[in-house]
Every structure is written in structure tokens, then in C-alpha cells.
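Q: Right, I'll just put the structure down here and ask away after.
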Amino acid sequence: FKDWYIKKFHTLLLKIVRDVSYEFRNIEYIIVKDERRKAAKEVKNTRGLMELPLNEFYINKSDNLNPRYTFDTFVVGSFNNLAYSAAQAALERPGIVYNPLFIYGDTGRGKTHLIQAIGNQFKKQYPGRKVFYLTSEKFVVDYTDSVQAGNANRFKDKYRHYDLLIMDDVHFISKKEMSGEELFHLFNALHDNNKQIVFSSDRPPVAIPDIAERLKGRLASGMTVDIGEPDNESRMAIVKKKAASHGVILSDEVVEYVAATMKGSIRELEGMVNSIVCHAQVKGVAPDIAEVRQSLRSFTRPQKNISVKNVVDKVAEFYGIDEESIYEKTRRREVVRPRQVIMYILREDFSISYPTIGAKLGGRDHTTVIHSCEKIKREVIVDSDLSKEIQNIRTLLV
């Protein structure tokens, strides 16, 4: 029982106590016979906490859209104005103008916000019409599962009845030959019936490797626009709007400092604003510039000269696991998540190539690394605990 309990809940419990104080290094377990019934009840309660319903993450079950992603909360600047205008044009005549609409840009530029805002606005403008949002990874998984279950024909009809289909991170379809073939036929079915299709990616269609040329041609057949890097004025607008949406008014000095200092992705910039908002809600007053400078230390990017081993060691230490287990082929839950976090940090913070990351972490295939990075990238948006963990790890690497 002890081994099972540690395997299932050690990582979760360690995370909880470290939220109280990072001084907790590890947890030792003692099983007492008379306490087993009580322990079992606590395990059941813990599992209930882990299995949160979709509404806890603000996801609409019917269309998979996050209602918080709207045009009202989207900051428009010179870096994304073309993409924003194209989105508005597509909404005016869906299925006719800019079909497909393909939006690309680096991680954390606001692509997911924009394409989901299209979906939420579509529901308002065209009540009764159907919209659905999914990632290409979800598409691949669904297709693979349907083939294995002998339900491939049923899958073909699954997404064809939508008036607007939004697919995020379509570059994940790379090297998925059969899934790519199915996406090609789905595209044709929707497009031939004037159904609007929206894609996002971290690169333009022509740069997506290892997909069929005819699929690549379909992806590029409509309007392709990129979201660039926000300038300082846009970053200031993002800081102001994000804070104001929570009822917090920041001084110009704080806004300028945060915008000038946080040079990473928009997601990181918003993460810093969330920290400031939390401070304001706890103390009842917006933080001054000195307090913001102190808070900003935890958002500092790691040093670029840190080795892969340094990252592995720090992450293993943080999660309380043996660093050697990171390199092993084990699929134990308490090891898989830290390994995925390592891959994410190596990619996001150090720009190490997927094949190199895979080779350094036990000779794993680069597609496994891509999957892990994309998974953490999505989850960190909705999982505040995971976001906090990664920020804490980054402070250890500074």
C-alpha cells in the first residue's frame, strides 16, 4: 500500500507542502494499521480534487472554447493588427472571405486568444450555427483511437457538421501521415460546403515539415498572417488592460517598468501582471515600484550558459525525485511530468532543438519531445499550480 500511495500521490503532496514553504525537502511516509481507513478516505478526497470538472478551467463543454478569450480582452497593436483585421473580415463573411484563415507566430504571442475570440464572436453573430475548437494533437489522438477501435468511418463525420472549425497548433500534424490524410479530406469537406476553417501554428504552412504537399497547399490557400513581437507601447497596453480587467489600476511607473523589463512572451507578461493583481487583492492596494521590482525576480529567465544536466538536477530536486530516473524509459507519473517540464524549459528558455533535447534525455525521439512541450505549453495556461512550479524552477536556474 505504501508503494502504491507514494507512486500515486507523492508528487501532488510534495507540491502542496512546497506551496506553503519551499523549505520542505521531502516527505517520509509511515503506515499505521489503525489509520488505514482514514487514509483511504483522504486518498479518495484527494482524487476528487485532482479530477476537476471542465468548468473549473472556464472551458465550454459544447464547443471547447474558453469564454474569457474575447476580442474585448484582446489588445490590438502594430504587431498583431493584420491578424486581428483578418479575423474580423473572416467573421463578416465566414466561409467566403479568408478561408482558411491561417495565423502563425512564436509561442506566447496571443494566437490561441485570437482564434478562440473568433469562435466566441462567431457564436454571438451567428446564433444557432455550430463552432468547435481543438488542437491538432487532439485530432491525431481521436483519429488514432477511432482506427484502433474500428470506428474510422464514424470519425470522418465527427467534425464535418461544424460551421466553424478552429484547429490550434496544426504543426503538430507533422510526420502524422494518416492523420494528415484525414485532415486533408476534412478540409475539403468543410471548404466545399463554405464552412469556415481557422488554423494556428508556430510557423507558416510552407515551413511545416513532413506533411503532404497537397495538405500544405490547402493550409496556405486562404489568408496567412503572422503575429509578430509586441513593441513597448503594445506591451504597456497589455499590462494596463490585464490589470484593469481584475479591477487593479497600476501607476504609469509600474506599467512602464513591467513592459520594459518583461521581454519574453505575452503569456509571461500576463503572468507577471497576475502576480501584481494577486498582491493588490491580498493587501488591498496596488504594489509600488519597489515591490514590483522585487516580484519581478521570480520571473527572470534562467542564465543561458546553464547545462542540460543543471536543469535536470534542479527539476529533479524540486520534485523530490532521483535525477537518474529522468533518463530512464519509465512512464511512472511522478517522473513523466518533471521530464516534460524539463523538455519545456530547455525548449522555451534555451531554444535547444527537439532532437538535441531528446538525445540528451535518454535518447528519446524528437516527436516525443514536441508532444511534451506542446502539452506543458497548453496546460500552463489553465493550471496555475503548474505555472507557479515552472516559475519557481526558473528562479533556481537564475
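For reference, each letter of the sequence shown is one residue, going 1 to 398 in the UniProt record's numbering.
Where is the CB? At the ideal position from N, CA and C, for every residue including glycine.
1) Label ARG109 either buried or exposed according to how many other C-beta atoms from any shown protein chain fall within 10 Å of its C-beta, with 16 as the threshold for buried.
2) Would you mind listing the alpha helix (DSSP H) stretches within the stretch 190–262 that are 4+ residues and don't spill past its ends, in chain order?
3) I'd like to know if the stretch 135–153 and the stretch 176–193 are in contact, where contact means that at least 3 CB-CB pairs between them fall below 8 angstroms.
4) Nearest to SER265 by CA position, among ASN232, LEU250, ALA286, VAL277, is which residue?
5) Whole angstroms is fine: what's the gap from GLY95's alpha carbon to LYS329's?
6) Can you tell me which of the three DSSP states ILE289 falls into?
7) Considering only their Cβ atoms, is the gap separating LEU134 from ALA83 smaller than 8 angstroms?
8) To the nearest angstrom, how far is it from the Cα of HIS161 to the Cα of LYS242?
9) I'd like to check one pair, GLY271 with residue 416: are the Cβ atoms closer than 8 angstroms?
10) In angstroms, rounded to a whole number, what distance separates the CA positions of residue 399 and VAL308?
11) As a quick exercise: from ALA244, ILE118, HIS366, pick the residue whose alpha carbon is nearest that of ASP168.
12) With contact counted as at least three CB pairs below 8 angstroms, one residue from each stretch, are the stretch 120–140 and the stretch 58–69 in contact?
13) Name the DSSP beta bridge partners of ASP168, please?
14) The beta strand (DSSP E) with LEU101 in it runs from where to where?
15) Quick one: what's got a C-beta closer than 6 angstroms to ASP163's C-beta in the same chain, skipping five residues either side?
16) Roughly how many whole angstroms lie between the Cα atoms of VAL97 and VAL382?
17) Can you tell me the Cα-Cα spacing of GLU374 and ALA359, whole angstroms?
18) With DSSP collapsed to three states, give me the class of PRO328.
19) Run the CB neighbour count on VAL369, radius 10 Å, all protein chains shown included, and call it buried at 16 or more, exposed below.
20) Considering only residues of the same chain and omitting the five flanking positions on each side of ILE289, which have a CB-CB separation below 8 angstroms?
21) Measuring CA to CA, which of TYR354, LYS216, HIS246 is closest to THR73?
22) Can you tell me the Cα-Cα spacing of GLY362 and ARG378, whole angstroms?
A: Concretely, from the data shown:
1) Burial check for ARG109: the Cβ neighbour count within 10 Å reaches 16 or more, so the residue is buried.
2) Whole alpha helix (DSSP H) segments, 4+ residues: 213–219, 232–244, 252–261.
3) As far as the Cβ criterion goes, the stretch 135–153 touches the stretch 176–193, which means the pair count is three or higher.
4) Nearest of ASN232, LEU250, ALA286, VAL277 to SER265, Cα basis: ASN232.
5) Whole-angstrom Cα-Cα distance: 46 angstroms.
6) The answer is helix: DSSP assigns ILE289 an H, G or I state.
7) Contact flag unset, no.
8) When rounded, the distance between both Cα atoms is 36 angstroms.
9) This structure does not reach residue 416, given that the chain is present from 1 up to 398, and the question cannot be answered.
10) As displayed, the chain neither begins before 1 nor continues past 398, which places residue 399 out of reach and without an answer.
11) Checked all of ALA244, ILE118, HIS366; the closest Cα to ASP168 is ILE118.
12) Verdict: yes, contact present.
13) When DSSP reads this structure, ASP168 sits in a beta bridge with THR135.
14) That run of the beta strand (DSSP E) goes 101–104.
15) Excluding residues up to 5 positions away in sequence, ARG129, LYS130, LYS195 lie with their Cβ nearer than 6 angstroms to the Cβ of ASP163 in the same chain.
16) Here the alpha carbon of VAL97 sits roughly 32 angstroms from the alpha carbon of VAL382.
17) Rounded to the nearest whole angstrom, the C-alpha separation of GLU374 and ALA359 is 18 angstroms.
18) Residue 328 is actually Glu in this sequence, not Pro. When DSSP states are grouped into helix, strand and coil, GLU328 belongs to the coil group.
19) So VAL369 counts as buried.
20) Correct list, in chain order: SER251, GLU253, VAL254, TYR257.
21) When only C-alpha atoms are compared, the closest one is HIS246.
22) Near 24 angstroms, if we compare the C-alpha coordinates of ARG378 and GLY362.
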